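Chemist: Handing you this structure, nothing more for now.
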Amino acid sequence: MSENKVKRILEIIPGFLSWSIIIFLILLFIVKPLAAIVVIIVYLIYWVCRLLYSSLLLLMTNQRRRSKKNYDWLSMSKEVKSDLKFENIIHVVLYTTYKESKELIASSLDFLKETNYPKDKIVVVLAGEERAPDTHSRLEILKNQYREYFLDVIATIHPKDIEGEIPVKGANATYSAKKVKVYLEEKGYDLKNIIISCFDADTCPDKNYFSCLTYNFLNNQKRYQMSFQPLPVYSNNIYSAPAFARVIEVGSTFWQLIEGMRYEKFITFSSHSMSFDTLVRVDYWPVDLISDDSLIFWKCFLKYNGDYTTFPLDIPVYMDIAVGKNWLDTIAVQYKQKRRWAWGVENFIFVSQHFLNNKNIPLFLKIRKLYQILDGHISWATWAIIISFITPLVLFSGKVILKNSLALFNLSYINGVVFHSLTFILMLCIIISWEFTPPRPKNVSRLIYFSFLFQWLLTPFISALLGSTPSLDAQTRLMFGKYLAFNTTPKSRVQGPEDR
Amino acid sequence: MHDNIYLILRKVFFWFFMALFFTLTPVILYYSLGYKFDTGSKKFLKTGAISIKTFPKGINVYLDGMKIKEITPCTLRELLPKEYTIVLEREGFYPYEMKVEVKPSQIQDIDIFIVPRMVDITKLDIDLHIYKFFVTKHLFGETIIVFTDKGIYFLDGDFKGAKKVSAQIFEESTANSIENLKESSGRFLFWNKSNLWVLDASQGKDKDGKYPDAVMLYKAEDDIKDVFLGFRGKYIIIHDGLKVIALDADNLKVSFPVYELKSVRSKIFYDSRSETIYIQDKVKGAAGFSLFRAEIMPLINERILNERK
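Taken in order, these protein sequences are the chains called A and B. Last residue of the first sequence: 1354 (the numbering used here), numbering continuous. Last residue of the second sequence: 334 (the numbering used here), numbering continuous.
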């Protein structure tokens, strides 16, 4: 079978499975209502178990993060016993930019400036796009403005229409990293001592980020077979973002917290760091796929025949909540952002294709990894539809079809248990979310805390609206070969580092 | 805590929830479908359930004579398929007994209203012989106007605050003949077929300690069929036989007919909000009735002002 045919079949699988689950449940209810009730009861029990397990992981990982909060990472990284020397470690911080304003990038660089790591060990790379207007002048101004604070500031402009590339973030980052490699080699640096952090334009690292990263890099024997994942906290514009956007993004942060505890499943997401040497070995980020952040992990995983992991840093990087011009536009922006994240289902195709050609990775590991990818994406595309639409549909129409069914009566009882579990988890979320809320700017009323509290009441509506549909949309597009174009999330911010 | 401890804990939780899922699922499924393990016969038996809802809640439930722990609303589960006798009982309510057929894997819904026993009957504790009473509603509740052998009394809805408003004693037969009562600004109009009275209860006793008497306002030429208050009680419109008569409430001498009806079966309705009279009356030469409307207040105003001059 030709490679293209295999690719098309693989592209169909996730969407086909998700739609099959949804259609199967609806058809089963029409043909054998009692059987559908049994299936939904089993699904709800599974869901409650998974939800409670995830909540415990959230508590554990948050506790782990809190326990390390007061570590003096800088001293620890200077004193750690390692075959590499702290003094030789250089950080390359690569900001991929597109149309973001000069002020927004400057705000992120101000944050970087405030980190406690020696700035003479940090090279800032501003990776711009030729496609965007005024890129050259914008980056040049920033370069000159911040050069004095860091070891160096480099600006690269990614030319448009390079053959074999599509307009995605990975292509820009790759182009820039290649230029940086030349720069580093010219300066005589050993690439094994270089750590690259690939940040979005709005990424503001915690002051301990580079110290913690350096410590864990030096302390890990398998540092070249490991990516380092910070905790993305979407809070830069939390005081100006609409309530429902806050709830969604706190949810994203919590999801990363939970994932951080599942070591064997954990893969890179959004802003991340890794050895520059490894990046060169795997031939950089993919230039023709959208999910560059997760695909770089899989490239490394394949390169090292499955012996590659992602290390959770438990140190946050602060990012912007995706917002639009008004709340309706914000819904659209959030939907598109989640759909782009859900487009990560392309990992399944990429990994499957490469697994077919890789004889060194054990079969069990291959199956396990493919199952993990599929499970994550199919659960994402179906859970909210089953919980928010199919279960109520069965409960309401079942009262007519199966008037006196004991199973239907019990389904409504179990559904109640699910919602009680959700309430418990919501309470947990409210408590933990306070820890990620930055100090209130002086120009914002205290009354906003009521909004922070009551925003959680929106959860059922958000789950129904944005829980599964972006993922199902992405999988359906992939299934029909209607590929998603890279859609940059608009960035706007009212809060700078001085407000934090 | 060392990172490894978290790893171990995570694995423990993972396997715990995995075991929980695989243990709970068959148990819940069997239970949901109505199965019950009978330790005696060591077999799974198919059962049914009865869901009981009552108004009010909190009623005791007896199943085949045995009181169950729960009170309504409740669900009686794991019942073997057969006919059961359910009794719902609580002090102060009539017991409710019914037969319910339980079928395997099915739930029987019972939703009933439990009737309270009438134990809270309160008797008026004033020694009065009641001839007739009327209830008028106002902003703060109700007032009961009672015609008695000792005069006319006002009572609150809960029988509190009994107040004598007139010492006038109507004969029992006259009091019984009173057809209706209307109130406007403390003045009470009441009538029978022959007479229309007014009682001004707004002033209370006079300086000599005497209660006001009801004044006879109008004596019918034919039969008083209905009475309406016009222009905030200033005018009284009376349907007397074939006549519609207007009365100046401030000057009882002034009365005049405003409309002549064609049939004794004709009816009138006076809408005090729009000051409009609606008349169901016959048209000359026609067999049936028709409906008319007229804004008669300008006419009444003019006539009354002329009379006053």
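Glycine included, every Cβ here is placed at the ideal spot set by N, Cα and C. Quick caveat, the model's predicted, so the values are computed rather than measured.
Does any residue of chain A bring its CB to less than 7 Å from the CB of B:Q305?
Modeler: no
Chemist: Report yes if the CB atom of A:I1169 is closer than 7 Å to the CB atom of A:P1084, and no otherwise.
Modeler: Yes, Cβ-Cβ distance for A:I1169 and A:P1084 is below 7 Å.
Chemist: Output, in sequence order along the chain, the residues in the region 72-85 of chain B whose CB is closer than 9 Å to any CB in chain A.
Modeler: T72, G73, A74 and S76
Chemist: Are the CB atoms of A:D1056 and A:D1174 nearer to each other than 7 Å?
Modeler: Result yes, Cβ atoms of A:D1056 and A:D1174 sit closer than 7 Å.
Chemist: Can you confirm whether the region 1122-1139 of chain A touches the region 1078-1098 of chain A when touching is taken to mean that 3 or more C-beta pairs between the two stretches lie within less than 8 Å?
Modeler: By the criterion of at least three beta-carbon pairs nearer than 8 Å, the region 1078-1098 of chain A is in contact with the region 1122-1139 of chain A.
Chemist: For B:C99, which residues does DSSP report across the bridge?
Modeler: Per DSSP, B:I77.
Chemist: Mind checking if A:I899 is an interface residue toward chain B, Cβ cutoff 7 Å exclusive?
Modeler: yes
Chemist: Quick one: Cα of B:R212 to Cα of B:I262, how far?
Modeler: The straight-line gap from Cα to Cα measures roughly 15 Å.
Chemist: Can you list the residues of chain A that B:Y121 reaches, using a CB-CB cut of under 8 Å?
Modeler: Within chain A, no residue comes near B:Y121; the closest Cβ sits about 21 Å away, beyond 8 Å.
Chemist: Distance cutoff 7 Å, beta carbons only. Does A:R918 sit that close to anything in chain B?
Modeler: Output row for A:R918: interface = yes.
Chemist: Please report how far the alpha carbon of B:I302 lies from the alpha carbon of B:S291, in whole angstroms.
Modeler: 13 Å
Chemist: Tell me which same chain residues have a C-beta within less than 7 Å of the C-beta of B:V240, skipping the five on either side of it?
Modeler: W222 and V223
Chemist: I'd like the ranges of any alpha helix (DSSP H) spanning at least 4 consecutive residues and lying wholly in the region 151-203 of chain B.
Modeler: 197-202
Chemist: Using the three-state DSSP reduction, which class does A:M1080 fall into: helix, strand or coil?
Modeler: strand
Chemist: Whose C-alpha, out of A:L905, A:F878, A:L1319 and A:W1195, is nearest the C-alpha of B:F46?
Modeler: Cα-wise, what sits closest to B:F46 is A:L905.
Chemist: Using a Cβ-Cβ cut-off of 7 Å, state whether A:M1115 counts as contacting chain B.
Modeler: With 7 Å as the cut-off, A:M1115 counts as an interface residue toward chain B.
Chemist: Quick one: grab the DSSP three-state call for A:N1090.
Modeler: Residue state, collapsed to three classes: coil.
Chemist: Give the straight-line distance between the Cα atoms of A:Q1079 and A:W1139, rounded to the nearest whole angstrom.
Modeler: 16 Å
Chemist: What's the C-alpha gap between A:K886 and A:A1238?
Modeler: 23 Å
Chemist: What is the rounded straight-line gap between the Cα of A:K995 and the Cα of A:L980?
Modeler: For clarity, residue 995 of chain A is Ile in the given sequence; the question names Lys instead. The alpha-carbon atoms of A:I995 and A:L980 are separated by roughly 11 Å.
Chemist: Within 7 Å (strictly less), CB to CB, does A:N942 reach chain B?
Modeler: no
Chemist: Which runs of the beta strand (DSSP E), 3 residues or longer, sit entirely within the region 990-1027 of chain A?
Modeler: 1006-1012
Chemist: Would you mind giving the Cβ-Cβ distance between A:A1027 and A:C1052, rounded to the nearest angstrom? I have them listed as a contact below 8 Å.
Modeler: 6 Å
Chemist: Is the Cβ-Cβ distance between A:L1320 and A:R1331 less than 7 Å?
Modeler: No.
Chemist: When the Cα atoms are used, what is the spatial distance from B:K259 to B:R142?
Modeler: 47 Å
Chemist: Less than 7 Å between CB atoms is the rule here; does B:L45 satisfy it with respect to chain E?
Modeler: Any reference to chain E falls outside this structure, whose protein chains are A and B.
Chemist: Apart from the five residues on each side of it in sequence, which residues of its chain come closer than 8 Å, Cβ to Cβ, to B:S288?
Modeler: Answer for B:S288: L267, D306, K307 and F314, listed in chain order.
Chemist: Which residues in the same chain have their Cβ closer than 6 Å to the Cβ of A:D1353, if we skip the five residues on either side of it in sequence?
Modeler: Note on A:D1353: pLDDT 43, under 50, position unreliable in the model; no value is reported.
Chemist: Chain A partners of B:G59, CB-CB under 8 Å?
Modeler: L1260 and A1261
Chemist: Does any residue of chain B bring its CB to less than 7 Å from the CB of A:N1269?
Modeler: Chain B, which has no Cβ nearer than 7 Å to the Cβ of A:N1269, makes this no.
Chemist: Comparing alpha-carbon positions, which option in A:R1222, A:W1195 and A:L1256 lies nearest A:H1231?
Modeler: The alpha carbon of A:H1231 has as its nearest neighbour, out of A:R1222, A:W1195 and A:L1256, the alpha carbon of A:W1195.
Chemist: Using a Cβ cut-off of 7 Å (strictly closer), state whether A:E1352 contacts chain B.
Modeler: In this prediction, A:E1352 has a pLDDT of 38, which is less than 50 and means its spatial position is unreliable; what the coordinates show is noted afterwards. False, the Cβ-Cβ gap to chain B never drops below 7 Å.
Chemist: How should B:V86 be labelled, buried or exposed, when 16 other C-beta atoms within 10 angstroms of its C-beta is the threshold for buried?
Modeler: buried
Chemist: Measuring straight from C-alpha to C-alpha, what distance separates B:D183 and B:A200?
Modeler: When rounded, the distance between both Cα atoms is 23 Å.
Chemist: Along the alpha helix (DSSP H) that carries A:H1208, what are the first and last residues, could you check?
Modeler: E1200 to N1211 is the span of the alpha helix (DSSP H), which, as asked, contains A:H1208.
Chemist: For A:V896, decide whether its Cβ has a neighbour in chain B, counting only Cβ atoms nearer than 7 Å.
Modeler: It does: the Cβ of A:V896 has a partner Cβ on chain B nearer than 7 Å.
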